[in-house]
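> Sharing a structure with you now.
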Amino acid sequence: MKRIEDLSVKNISWLNSNSYVLELSGTKAIPDILPGNFAEIRVDHHPGVFLRRPFSYLDVDEKNNSISFFVKVVGKGSRKLGTLEKGELVNVIHPLGNAFSIPDNKKVLITGGGSGIAPFIMLGRELKSRGNEITIITGGRSSEDILFSEEFKAYGEVLCTTEDGSLGEKGILTEHPIFTKDNFDFDLIYTCGPEGMMKAVAKIARDKGIACEASLEHLMACGFGVCLCCIQETTEGNKCVCTEGPVFNTNDLKW
Amino acid sequence: MVDLSIKIHELELKNPVATASGTFGYGEEFTDFFDPGALGAIFIKGLTLKNRDGNPYPRMAETASGMLNAVGLQNKGIEHFIENIYPAIKNYNTHIIANVNGSTVEEYISLTEKINELDHIPAIELNISCPNVKEGGMAFGVSCPSAIAVTNAVRKVYDKTLIVKLSPNVTDIAEMALAVEGAGADTISLVNTFLGMAIDAETRKPLLSTITGGLSGPCIKPIALRMVWQVYQAVKIPVFGMGGIMNAADAIEFILSGSSAIQVGTANFIDPQISLKIIKGIEEYMERHGVENVKELVGALED
Ligand SMILES: Cc1cc2nc3c(=O)[nH]c(=O)nc-3n(C[C@H](O)[C@H](O)[C@H](O)COP(=O)(O)OP(=O)(O)OC[C@H]3O[C@@H](n4cnc5c(N)ncnc54)[C@H](O)[C@@H]3O)c2cc1C
Ligand SMILES: Cc1cc2nc3c(=O)[nH]c(=O)nc-3n(C[C@H](O)[C@H](O)[C@H](O)COP(=O)(O)O)c2cc1C
Ligand code: FES
């Protein structure tokens, strides 16, 4: 069940010049949160930011009643949230949306670009606990954008691409040689990031007959299914990304 | 105890706070946040005769103190509503009011006839003001003859409370209000969204797939308030006022300008519990000002 509550800023740690982890905590037990779910965060006292901002959970710490988000600064709201002081209250509606599917004992590939890596810390942990063999590939502009490699290493093989070649393979994510290997035999691919990247990953998956789940980041006004602003065309008509997504099987999308 | 109840035509509202069509779904989406039975009324999402997919994505652009939407009346049609949604919401302890849309007068009539058979819907809101559809919608609400024609036609087939929702995209709102009052409206609601537009300077592209869309939120409040006041002075029938109401003070301003009851729209997206807070805030205001009955505040603007 979704709820609305004030949580307080526990910590903000900057990871590079344009992204940080926002940790919020409350006094009540946090709700059940699944990998892929997101929260709608209200950005108060900032002229120009009117609507809430959606963010996927980066992680959940049940012991300390805290949740965290990986936020990339792209505009006024994401910038403002990064300037909050410890102890300031933030109003949150959560948890929202559906979740990634978690198979047992399969071979899976996780592909994340930019802020799209956020949901994969929780997903990786869950996949690992269910006996899956995991490969994670992240893409960015330069080495500065390649984050959470240590965390991901605990789940399986970690690969990366950078556009300037400063780390890993040079190029965009789907140019990584892994995609052209003969033994590219995954059972399921997960993707989250810029839409162009997700479409390219989905195409590879479709061509190879592999199931693929993408987490979409559409513009949202409400986040809980009432405004109908966040729609995605699917084979079954328009679907709401906030309630019927954000995770979709890419074969169902009109991409 | 202050008395928040108000009668609008034949509708007895327990309080003057309702939620605006298209911003509260069918009420079901809010039950995790509060009991919709606390509301004076719920104006449910716009209905059409047939399924409508609405406009392509992107349909929303944030603006300074508001938002533009170009949803385009996405809904699964009246039959789907009657079979799948109505049974779940008909016993809410509040009035469920249907928002009726058509692209021709005939469509408005057929849809109204179907809704007329639903015992738990005591009123309809005739939407002649949707700016986001190519045919019908706002076209009916921006000229007096067409507004009169559709209101007249629906009045002939509908005996319950008929609310006509006006478009603010007109030169003389009072003239429109008088026209629909003359054509048989029991109540008027206003405003629907203002036609607006947003552009991304970097890409030189419009931010909405439809280029133009409907503006709502606090940025429209002063204009909406002025229009409600003009309509209140022009007509004898009661008015449902709305447009950018974000808190109890805003709601009271609308009541003072002549709204018998108000509707909360876009604010529901930012705080889904806002209408409850507004009900409470109105109550506190009345206690503070020694007002026993909310009716005393309607149009009670002082010089
Ligand atoms: C389900 C979901 C999960 C998300 N998870 C994360 C996450 O974990 N970490 C993260 O950093 N971001 C995430 N996003 C994107 C995030 O919501 C936007 O980056 C944020 O809303 C931008 O707000 P702003 O005020 O900083 O930008 P604005 O000033 O509003 O806009 C600046 C730029 O950002 C773009 N933008 C605005 N909203 C979005 C959006 N919803 N998606 C993509 N671009 C947008 C605008 O088009 C504009 O070009 C997620 C989005 C969704 C829908
Ligand atoms: C996303 C969205 C969808 C809407 N859909 C409808 C609709 O279906 N029918 C209607 O009469 N008005 C619709 N409206 C208009 C609102 O009911 C209301 O008239 C308008 O938003 C002004 O009030 P506000 O500023 O409080 O939102 C919609 C508004 C928004 C923002
Ligand atoms: S964001 Fe409002 S319905 Fe999805």
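Going down the list, the sequences are from chains A and B. Taking the working numbering, the leading residue of the first sequence gets 1, the next gets one more, and so forth. Taking the working numbering, the leading residue of the second sequence gets 1, the next gets one more, and so forth. Idealized CB from N, CA, C, for every residue including glycine. Here the structure is a predicted model, which means the values were calculated and not measured.
On the three-state DSSP scale, how would you describe A:Ile102?
The residue you call residue 102 of chain A lines up with position 102 of the first sequence. In the structure shown, A:Ile102 sits in coil (DSSP, three-state: anything other than H, G, I, E or B).
> Compare the beta carbon distance of B:Asn132 and B:Gly213 with 9 Å and say whether it is the shorter of the two.
Locating residue 132 of chain B in the second sequence gives position 132, where the first residue counts as 1. Locating residue 213 of chain B in the second sequence gives position 213, where the first residue counts as 1. Cβ distance < 9 Å, so B:Asn132 and B:Gly213 count as in contact.
> What number of angstroms, rounded off, separates the C-alpha of A:Arg206 from the C-alpha of B:Phe254?
On the first sequence, position 206 is the one that residue 206 of chain A refers to. On the second sequence, position 254 is the one that residue 254 of chain B refers to. Looking at the two C-alpha atoms, the distance is approximately 55 Å.
> Going by DSSP, name the residue or residues bridged to A:Trp255.
What you label residue 255 of chain A is simply residue 255 of the first sequence in a count that begins at 1. DSSP output for A:Trp255 lists no bridge partner at all.
> Just to check, is the beta-carbon of A:Cys230 closer than 8 Å to a non-hydrogen atom of ligand 1?
The residue you call residue 230 of chain A lines up with position 230 of the first sequence. For ligand 1, at least one heavy atom lies less than 8 Å from the Cβ of A:Cys230.
> Check the Cβ of B:Ala64 against every Cβ in chain A and list those closer than 9 Å, keeping chain order.
By 1-based counting over the second sequence, the position of residue 64 of chain B is 64. What B:Ala64 touches in chain A: Pro47, Gly48 and Phe50.
> Flag A:Phe224 as yes if its beta-carbon sits less than 9 Å from any beta-carbon of chain B, otherwise no.
Taking the first residue of the first sequence as 1, we reach residue 224 of chain A at position 224. Yes, its Cβ sits closer than 9 Å to a Cβ of chain B.
> Quick one: what does DSSP say B:Val304 is sitting in, helix, strand or coil?
Here chain B comprises residues numbered 1 to 303, so residue 304 of chain B is not present and cannot be evaluated.
> For B:Pro218, which option in B:Val291, B:Thr193 and B:Ile97 has the closest C-alpha, if you only look at C-alpha atoms?
In the second sequence, counting from the first residue as 1, residue 218 of chain B sits at position 218. Residue B:Thr193 is the option with its Cα nearest to B:Pro218.
> Rounded C-beta distance between B:Ala18 and B:Ala261? I'm assuming under 8 Å.
Here residue 18 of chain B corresponds to residue number 18 of the second sequence, with the count starting at 1. Here residue 261 of chain B corresponds to residue number 261 of the second sequence, with the count starting at 1. Right, the Cβ-Cβ distance comes to about 6 Å (below 8 Å), so this counts as a contact.
> In the DSSP output, which residue or residues are listed as bridge partners for B:Tyr92?
Position 92 of the second sequence, counted from the first residue, corresponds to residue 92 of chain B. Paired residue(s): none; B:Tyr92 is not in a bridge.
> For A:Leu84, which residues in the same chain have their Cβ closer than 6 Å to its Cβ, ignoring the five residues on either side in sequence?
Indexing the first sequence from 1 puts residue 84 of chain A at position 84. If we look at A:Leu84 and ignore the five residues flanking it on each side, its Cβ neighbours are Val9.
> At the 9 Å Cβ level, is A:Ile4 part of the contact set with chain B, yes or no?
As a working note, residue 4 of chain A is residue 4 in the first sequence. A:Ile4 counts as touching chain B.
> Could you tell me the boundaries of the alpha helix (DSSP H) in which B:Asn247 lies?
Here residue 247 of chain B corresponds to residue number 247 of the second sequence, with the count starting at 1. No alpha helix (DSSP H) holds B:Asn247; DSSP gives it neither H nor E.
> Around the Cβ of A:Asp185, are there at least 16 other Cβ atoms within 10 angstroms (buried) or fewer (exposed)?
On the first sequence, position 185 is the one that residue 185 of chain A refers to. By the neighbour-count rule (16 or more Cβ atoms within 10 Å), A:Asp185 is not buried but exposed.
> Determine, using beta carbons only, whether A:Asp211 and A:Asn249 come nearer to each other than 9 Å.
For this step, residue 211 of chain A is matched to residue 211 along the first sequence. For this step, residue 249 of chain A is matched to residue 249 along the first sequence. For clarity, residue 211 of chain A is Ala in the given sequence; the question names Asp instead. Yes, the pair counts as a contact, with Cβ atoms nearer than the cut-off.
> Ignoring anything shorter than 3 residues or poking outside the stretch 257-285 of chain B, list the beta strand (DSSP E) runs there in chain order.
Complete beta strand (DSSP E) runs here, min 3: 261-264.
> Along the beta strand (DSSP E) that carries A:Thr234, what are the first and last residues, could you check?
On the first sequence, residue 234 of chain A is found 234 positions in, with the first residue counted as 1. Start and end: Ile231 to Thr234.
> How would you list, in chain order, the residues of chain A whose beta-carbon sits under 7 Å from the beta-carbon of B:Thr212?
Your numbering for residue 212 of chain B matches position 212 in the second sequence. Here the premise fails: no neighbours, minimum Cβ distance about 15 Å.
> With distances taken from CA atoms, which of A:Phe70, A:His46 and A:Tyr190 is nearest A:Lys80?
On the first sequence, position 80 is the one that residue 80 of chain A refers to. The residue with the shortest Cα to Cα distance from A:Lys80 is A:His46.
> Which residues mark the beginning and the end of the beta strand (DSSP E) in which A:Val60 is found?
Working through the first sequence from its first residue, we reach residue 60 of chain A at position 60. Where A:Val60 is concerned, the enclosing beta strand (DSSP E) stretches over Arg53 to Asp61.
> Buried or exposed: B:Asn84, going by 16 or more other Cβ atoms within 10 Å of its Cβ?
On the second sequence, residue 84 of chain B is found 84 positions in, with the first residue counted as 1. Counting Cβ neighbours within 10 Å, B:Asn84 comes out exposed, since fewer than 16 surround it.
> Pull up the CB-CB distance for B:Met246 and B:Ala267, whole angstroms please, since I reckon it's below 8 Å.
Taking the second sequence and counting its residues from 1, one reaches residue 246 of chain B at position 246. Taking the second sequence and counting its residues from 1, one reaches residue 267 of chain B at position 267. Confirmed, about 5 Å.
> With a threshold of 8 Å, establish whether the CB of A:Cys160 neighbours any heavy atom of ligand 2.
For the purposes of this step, residue 160 of chain A is taken as the residue at position 160 of the first sequence. Outside the cutoff, so no.
> I need the boundaries of the beta strand (DSSP E) containing A:Arg3, first residue and last residue.
Position 3 of the first sequence, counted from the first residue, corresponds to residue 3 of chain A. Counting along the chain, the beta strand (DSSP E) containing A:Arg3 begins and ends at Arg3 to Asn16.
> Label B:Gln233 either buried or exposed according to how many other C-beta atoms from any shown protein chain fall within 10 Å of its C-beta, with 16 as the threshold for buried.
For the purposes of this step, residue 233 of chain B is taken as residue 233 along the second sequence, with counting starting at 1. By the 10 Å Cβ count, B:Gln233 comes out exposed.
> Between which two residues does the beta strand (DSSP E) harbouring A:Cys212 extend?
As a position in the first sequence, residue 212 of chain A is number 212, starting the count at 1. Residues Ala211 to Ser215.
> Is there a Cβ of chain A sitting closer than 9 Å to that of B:Gly37, yes or no?
Translated into positions along the second sequence, residue 37 of chain B becomes position 37. With 9 Å as the cut-off, B:Gly37 does not count as an interface residue toward chain A.
> Is the closest heavy atom of ligand 3 to the C-beta of A:Val226 under 8 Å?
One-based indexing of the first sequence puts residue 226 of chain A at position 226. The answer is yes for A:Val226.
> Taking only beta carbons into account, state which residues of the stretch 206-233 of chain A come closer than 9 Å to chain B, listed in chain order.
Cβ contacts with chain B: His218, Leu219, Met220, Ala221, Cys222, Gly223, Phe224, Gly225, Val226, Cys227, Leu228, Cys229, Cys230, Ile231, Gln232 and Glu233.
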